[in-house]
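Numbering (the numbering used here), first residue to last: 2 to 376. Structure first, commentary second.
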Ligand SMILES: [Zn+2]
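Below, the structure is given as structure tokens:
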């Protein structure tokens with residue numbers, strides 16, 4: 002598959018070409034999981050019947066770039082008729098590298114294992130993929146310790162949890178970008194950066210604060226999408242209490258995965274590649290909780306506050322897991338919660354979403370109802 006017309010990024014990773022190269026060089030196949038992640042993105046934008054999507058989703062393209070970095074970005078297509086979400090090819094590998102180490106620790110998500118895991122006998126480094134100035138990938142070992150991956154725990158519950166977490170983390174990266182688009186942030190960022198020339202420190206400070214607030218808004222909107230999806234996934238099959246229990250557990254895992262994305266994004270600080278616009282992981286967690294609770298999401302069968310608190314628990318657990326391996330988090334110091342929340346509210350009122358991206362009545366109310374009355 003070639004890049005869609007208008008794709009505004011320098012590269013487009015063609016999975017078919019990649020697959021041919023793998024066959025030619027007798028390499029192991031690209032993870033079917035990565036293919037699943039990409040299939041999810043497509044289906045979320047253009048295929049799934051789980052929810053009523055805004056008409057504007059038809060104008061959004063998504064694909065992988067050849068970049069080895071961990072991240073995702075979005076901008077207008079060329080010509081600017083639509084939007085493109087580019088996910089770095091390195092992201093899923095980076096997420097995998099981090100999770101395979103975190104899940105080897107017996108205190109990390111201890112309830113998701115058939116039996117207790119043995120203690121970790123050595124300190125583990127986090128290999129962090131970087132791109133050198135000649136464009137070649139290399140990696141640095143962050144936080145000190147053994148760079149090799151620990152043996153995967155011989156535990157099927159643990160390994161399916163590992164898969165699920167990679168899937169959710171990739172989902173979060175993608176949904177966060179969808180959120181920037183549907184909230185009108187793409188246009189707003191361009192306009193504001195042009196308006197404020199950033200020549201004086203005061204303008205730079207205002208822009209930095211605004212851009213941080215936009216990140217919180219995107220995190221929150223991504224979480225609302227995530228809750229709807231988790232609910233839809235958990236609704237297949239199980240019924241009654243088991244269904245509620247399963248949904249809550251998935252929300253916790255979803256939060257854990259989002260927390261890992263927050264922490265990995267922070268790692269750019271340590272390799273000095275470039276400064277990320279994104280707030281510190283701890284700030285993102287605090288605002289995710291504050292803003293998600295402020296705008297309740299109707300959920301079928303469970304209390305919204307309970308659902309949000311499970312996500313919050315997952316994000317907190319990700320931070321604790323990170324620290325239990327001796328890995329660093331960015332210290333945030335004092336945060337003026339009230340001030341930033343009022344900036345978030347102000348921006349939400351100020352920025353108009355693209356007209357065809359506003360949520361429809363039905364999707365506002367949650368999941369689409371099927372004819373037999375089941376959600
Ligand atoms: Zn963002």
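For every residue, glycine included, the Cβ atom is placed at its ideal position computed from N, Cα and C.
Closest to residue i by C-alpha separation, out of the options, would be which residue?
| i | options | result |
| --- | --- | --- |
| residue 209 | 171, 119, 194 | 194 |
| residue 143 | 81, 345, 152, 264 | 264 |
| residue 168 | 272, 258, 228, 292 | 258 |
| residue 1 | 31, 38, 73 | Lying before the first or after the last residue shown, residue 1 is absent from the chain, which here runs from 2 to 376. |
| residue 313 | 327, 341, 284 | 284 |
| residue 65 | 53, 249, 87 | 87 |
| residue 256 | 205, 27, 232, 317 | 317 |
| residue 253 | 141, 197, 232, 272 | 232 |
| residue 417 | 53, 45, 57, 19 | Past the edges of the chain, shown from 2 to 376, lies residue 417, and the structure says nothing about it. |
| residue 52 | 304, 249, 226 | 226 |
| residue 145 | 126, 335, 161 | 126 |
| residue 159 | 137, 196, 102 | 102 |
| residue 105 | 124, 154, 73, 128 | 154 |
| residue 251 | 19, 75, 162 | 162 |
| residue 327 | 249, 286, 186, 147 | 147 |
| residue 347 | 260, 215, 246 | 215 |
| residue 287 | 73, 338, 98 | 338 |
Should residue i go down as buried or exposed, given a rule of 16 or more other Cβ atoms within 10 Å for buried?
| i | result |
| --- | --- |
| residue 176 | buried |
| residue 170 | buried |
| residue 1 | In the structure displayed, the chain extends from 2 to 376; residue 1 sits before or after that span and is not available. |
| residue 343 | exposed |
| residue 68 | buried |
| residue 398 | A question about residue 398 goes unanswered here, because the residues of the chain that appear run from 2 up to 376. |
| residue 320 | buried |
| residue 36 | exposed |
| residue 183 | buried |
| residue 307 | exposed |
| residue 22 | exposed |
| residue 187 | buried |
| residue 373 | With a pLDDT of 38 at residue 373, under the threshold of 50, the modelled position of this residue cannot be trusted; read the value that follows with caution. By the neighbour-count rule (16 or more Cβ atoms within 10 Å), residue 373 is not buried but exposed. |
Distance, Cα to Cα, residue i vs residue j?
| i | j | result |
| --- | --- | --- |
| residue 63 | residue 16 | 13 Å |
| residue 48 | residue 329 | 40 Å |
| residue 157 | residue 114 | 8 Å |
| residue 270 | residue 70 | 13 Å |
| residue 91 | residue 32 | 13 Å |
| residue 40 | residue 203 | 44 Å |
| residue 289 | residue 340 | 15 Å |
| residue 24 | residue 149 | 27 Å |
| residue 291 | residue 218 | 11 Å |
| residue 309 | residue 26 | 47 Å |
| residue 4 | residue 304 | 43 Å |
| residue 279 | residue 192 | 19 Å |
| residue 111 | residue 189 | 43 Å |
| residue 197 | residue 350 | 20 Å |
| residue 133 | residue 139 | 7 Å |
| residue 8 | residue 108 | 44 Å |
| residue 325 | residue 99 | 13 Å |
Got a sec, what are the start and stop residues for the alpha helix (DSSP H) residue i sits in?
| i | result |
| --- | --- |
| residue 33 | 33 to 43 |
| residue 315 | 305 to 325 |
| residue 87 | Run containing residue 87: none in the alpha helix (DSSP H); it sits in the beta strand (DSSP E), 84 to 89. |
| residue 24 | 16 to 25 |
| residue 343 | 338 to 351 |
| residue 150 | Looking at the DSSP string, residue 150 is not in any alpha helix (DSSP H), and its letter there is neither H nor E. |
| residue 49 | Unbroken run through residue 49: none, as it is neither H nor E. |
| residue 335 | No alpha helix (DSSP H) contains residue 335, which DSSP labels as neither H nor E. |
| residue 177 | 157 to 183 |
| residue 187 | 186 to 196 |
In terms of residues, what are the limits of the beta strand (DSSP E) holding residue i?
| i | result |
| --- | --- |
| residue 127 | 127 to 132 |
| residue 142 | 138 to 143 |
| residue 61 | 61 to 66 |
| residue 74 | 73 to 77 |
Segment contact flag, the region 78 to 86 with the region 105 to 123, C-beta cutoff 8 Å, min 3 pairs = no
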